[in-house]
Amino acid sequence: GVWAQLRLVEAGGGLRAPGDSVLLSCRGSGFTFQEYYVLWYRQAPGGTLEWVSYILGSTKKYGAAV
7 GVWAQLRLVE AGGGLRAPGD SVLLSCRGSG FTFQEYYVLW YRQAPGGTLE WVSYILGSTK
67 KYGAAV
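If you want our numbering, it's the position in the sequence shown, counting the first as 1, plus 6.
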């Protein structure tokens, strides 16, 4: 069979001060990006994961953190 080279690159994350804004981006190649969910989470140091957003094609949903 043929194996595809799939690639997913995110940018814009990292540690921020409380109240700061952040711009996140995600780029994919080797597959049809619009057919897959992209989920974003955040995690404070020592904290638990908190769902931020998901995107599927043109559908976008946001959590309370946004």
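Built from N, CA and C at the ideal position, the CB exists for glycine as well.
Everything numeric in this text was worked out from a predicted model, so none of it was measured.
Using the Cα positions of residue i and residue j, report the straight-line distance between them to the nearest angstrom.
i, j, result
"Leu45", "Gly69", "11 angstroms"
"Val58", "Phe37", "24 angstroms"
"Val28", "Ala17", "10 angstroms"
"Gly63", "Ala23", "31 angstroms"
"Ala10", "Arg48", "30 angstroms"
"Thr65", "Phe39", "13 angstroms"
Taking the alpha-carbon of residue i as reference, which of the options has the nearest alpha-carbon?
i, options, result
"Leu21", "Tyr42, Gly36, Gly52", "Gly52"
"Thr71", "Val15, Leu14, Asp26", "In the sequence as displayed, the identity of residue 71 is Ala instead of Thr. The candidate whose alpha carbon is nearest that of Ala71 is Asp26."
"Tyr43", "Leu12, Ile61, Arg13, Lys67", "Ile61"
"Leu12", "Glu56, Leu30, Ser35, Ser31", "Ser35"
Does residue i come out as helix, strand or coil in the three-state DSSP assignment?
i, result
"Gln49", "strand"
Taking a contact to mean a Cβ-Cβ separation below 8 angstroms, would you say residue i touches residue j in this structure?
i, j, result
"Val15", "Arg33", "yes"
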